[in-house]
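Trainee: The opening position of the sequence shown corresponds to residue 1 in full-length UniProt numbering, with each subsequent residue numbered one higher.
All residues carry an ideal CB built from backbone N, CA and C; glycine is no exception.
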Amino acid sequence: MVIVGFIIGTVLGSFVEAVSNRLIKQTSILGRSYCEKCRKTLAWYDLFPVVSYLLLKGRCRYCQKKIPRQALIVEAGMGLAVALLFALTAPRFEMLVNFNQQTLLLGLELFFKLFVVSILAIVFLVDLRTGYIFDKVTYPAVALSGLFLIISTAAKSWFFYQDSLSSSLGKYFLPPYSNYVTDIIQRMWLAVGWSFLSAVALALIFVLLILITRGKGMGWGDVKYVLFLGLALGFPNNLVGIFLAFFLGAIVSVFLIAFGKKHFGQTIPFGPFLSLGAYLALLFGPQVLNSYLSSFKLGY
Ligand SMILES: [Zn+2]
1 MVIVGFIIGT VLGSFVEAVS NRLIKQTSIL GRSYCEKCRK TLAWYDLFPV VSYLLLKGRC
61 RYCQKKIPRQ ALIVEAGMGL AVALLFALTA PRFEMLVNFN QQTLLLGLEL FFKLFVVSIL
121 AIVFLVDLRT GYIFDKVTYP AVALSGLFLI ISTAAKSWFF YQDSLSSSLG KYFLPPYSNY
181 VTDIIQRMWL AVGWSFLSAV ALALIFVLLI LITRGKGMGW GDVKYVLFLG LALGFPNNLV
241 GIFLAFFLGA IVSVFLIAFG KKHFGQTIPF GPFLSLGAYL ALLFGPQVLN SYLSSFKLGY
């Protein structure tokens, strides 16, 4: 799964690199990949992440101009990031092969994580280079993560209910015998409610920060991005992610000032720190989530 993760990561990396370049240049996100210098559409055999770069020795096949080294760094970096994510959070390969409802949910979750990591990387790169977090990225991301929360919980609670109905003793965990199953389903939806509520609360805290610092520290892009992170990480993992972002931001700021790269009061974009904090929360949060989910399994 780690090797699969690395390969998927490099593919996502080349996608992330292309999207962030197009966002920065304000060109259309859709359409086939082309050389940034000569604008020639690339052939399919030039689209293998990392491998194509190395085979072409970092130069365009058509105009021989140098492909920015950032392309290689982003592809390899995303490869490592996704490999690590898979190593720590992905279900074992055998579990995905034996297809059932559980693997459907795990697969869905894995897909969503890949989507989240891609958004984190895009915001990291674009905010670092331009100081902006684009609505074009955050709006669809907020919508999709909200939708995912609802759909995955609907599937989870439906499967759980069906499992209870179909097992021999399961009906004794349902009304009128007991409220065990319904209580658990209720808890699942309560967790969704908490995620939405905490996401909005976190976004409001960032609005407050804008008002307090008069727009010098955070921007409205950060507010929308935090709304996405709040939904994507879910409660209480989203609190962990935001806390880590502030922690990392403080450490890096101190270093930048100490080494004279920045002076006190000068701002640095916060999006990259939010991305890093969220990534760390994504890596280490799921263990908590998994033990939480396994507590839902009926104990008979
Ligand atoms: Zn070219």
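Any chance you could list the alpha helix (DSSP H) runs of at least 4 consecutive residues sitting entirely within the region 189-233, in chain order?
Mentor: Listed in chain order, the complete alpha helix (DSSP H) runs (minimum 4 residues) inside the region 189-233 are 220-233.
Trainee: Is it right to say Pro272 is buried, meaning 16 or more other beta carbons lie within 10 angstroms of its own, or is it exposed?
Mentor: Within the sequence shown, residue 272 is the residue found at index 272, counting from 1. Classification of Pro272: buried, given that the 10 Å Cβ count is 16 or more.
Trainee: Roughly how many angstroms separate the alpha carbons of Cys63 and Ala43, rounded to a whole number?
Mentor: Residue numbering aside, residue 63 sits at position 63 when the sequence shown is read from its first letter. Residue numbering aside, residue 43 sits at position 43 when the sequence shown is read from its first letter. Looking at the two C-alpha atoms, the distance is approximately 14 Å.
Trainee: Could you tell me the distance, in whole angstroms, from the CA atom of Asn100 to the CA atom of Ser145?
Mentor: Locating residue 100 in the sequence shown gives position 100, where the first residue counts as 1. Locating residue 145 in the sequence shown gives position 145, where the first residue counts as 1. Approximately 24 Å between the Cα atoms of the pair.
Trainee: With distances taken from CA atoms, which of Gly277, Gly31, Gly221 is nearest Thr41?
Mentor: By one-based count along the sequence shown, residue 41 stands at place 41. The shortest C-alpha separation from Thr41 is found at Gly31.
Trainee: Can you give me the Cβ contacts of Gly170 inside the same chain, cut-off strictly under 6 Å, excluding the 5 residues immediately before and after it?
Mentor: Walking along the sequence shown from the start, residue 170 turns up at place 170. So the list reads Ser164, once near-sequence residues are dropped.
Trainee: Among Gln26, Leu72, Lys65, Ile29, which residue has its Cα nearest to the Cα of Phe47?
Mentor: Here residue 47 refers to the residue found at position 47 when the sequence shown is read from its first residue. Note that residue 47 corresponds to Leu in the displayed sequence, not to Phe. The candidate whose alpha carbon is nearest that of Leu47 is Leu72.
Trainee: Runs of 4 residues minimum, wholly inside the region 36-72: which ones carry the alpha helix (DSSP H) assignment?
Mentor: Counting only runs of 4 or more, we get 51-55.
Trainee: Please report how far the alpha carbon of Ala18 lies from the alpha carbon of Ala87, in whole angstroms.
Mentor: Within the sequence shown, the letter at position 18 stands for residue 18. Within the sequence shown, the letter at position 87 stands for residue 87. Cα to Cα, Ala18 sits roughly 26 Å from Ala87.
Trainee: For Leu172, which of helix, strand or coil comes out of DSSP?
Mentor: Mapped onto the sequence shown, residue 172 falls at position 172. According to the sequence provided, residue 172 is Tyr. The question's Leu does not apply to it. DSSP places Tyr172 in helix when its eight states are reduced to three.
Trainee: For the region 211-224 against the region 234-247, are there 3 or more C-beta pairs whose distance is under 8 Å?
Mentor: Output reads no: the region 234-247 does not touch the region 211-224.
Trainee: Alpha carbons only, please: which of Val16, Leu108, Trp194 is nearest the one belonging to Asn238?
Mentor: Position 238 of the sequence shown, counted from the first residue, corresponds to residue 238. Among Val16, Leu108, Trp194, the Cα nearest to that of Asn238 is on Trp194.
Trainee: Classify Tyr132 as helix, strand or coil using the three-state DSSP reduction.
Mentor: Here residue 132 refers to the residue found at position 132 when the sequence shown is read from its first residue. Tyr132 falls in the coil class under three-state DSSP.
Trainee: Which term fits Tyr279, buried or exposed, when burial requires 16 or more other beta carbons within 10 angstroms of its beta carbon?
Mentor: The sequence position of residue 279 within the sequence shown is 279, counting from 1. Classification of Tyr279: buried, given that the 10 Å Cβ count is 16 or more.
Trainee: Report yes if the C-beta distance between Val50 and Gly79 is below 8 Å; otherwise report no.
Mentor: In the sequence shown, residue 50 corresponds to position 50, counting from 1. In the sequence shown, residue 79 corresponds to position 79, counting from 1. Contact flag set, yes.
Trainee: Measuring alpha carbon to alpha carbon, tell me which of Lys156, Ala199, Leu202, Ala201 ends up nearest Thr182.
Mentor: Counting from 1 along the sequence shown, the entry for residue 182 is found at position 182. Cα-wise, what sits closest to Thr182 is Lys156.
Trainee: Is the closest heavy atom of ligand 1 to the C-beta of Lys37 under 7 Å?
Mentor: Mapped onto the sequence shown, residue 37 falls at position 37. True, at least one ligand heavy atom lies under 7 Å from that Cβ.
Trainee: Output yes or no for whether 8 Å exceeds the beta carbon distance between Thr138 and Lys224.
Mentor: Reading the sequence shown from its first residue, position 138 is the one you call residue 138. Reading the sequence shown from its first residue, position 224 is the one you call residue 224. Going by C-beta atoms, Thr138 is nearer than 8 Å to Lys224.
Trainee: Rounding to the nearest angstrom, what Cα-Cα distance links Leu231 and Lys65 in this structure?
Mentor: Within the sequence shown, numbered from 1, the residue matching residue 231 stands at position 231. Within the sequence shown, numbered from 1, the residue matching residue 65 stands at position 65. The alpha-carbon atoms of Leu231 and Lys65 are separated by roughly 42 Å.
Trainee: I'd like the list of long-range same chain contacts for Asn21, defined as Cβ closer than 7 Å, with 5 residues on each side in sequence excluded.
Mentor: Here the question's residue 21 lines up with position 21 in the sequence shown. Glu36.
Trainee: Could you check if Val74 is buried or exposed, using at least 16 other CB atoms within 10 Å of its CB as the buried criterion?
Mentor: Taking the first residue of the sequence shown as position 1, residue 74 is located at position 74. Val74 comes out buried.
Trainee: So is Thr130 in contact with chain C if we call contact Cβ pairs under 8 Å?
Mentor: Judged by its chain identifiers, the structure shown contains no chain C, having just a single protein chain.
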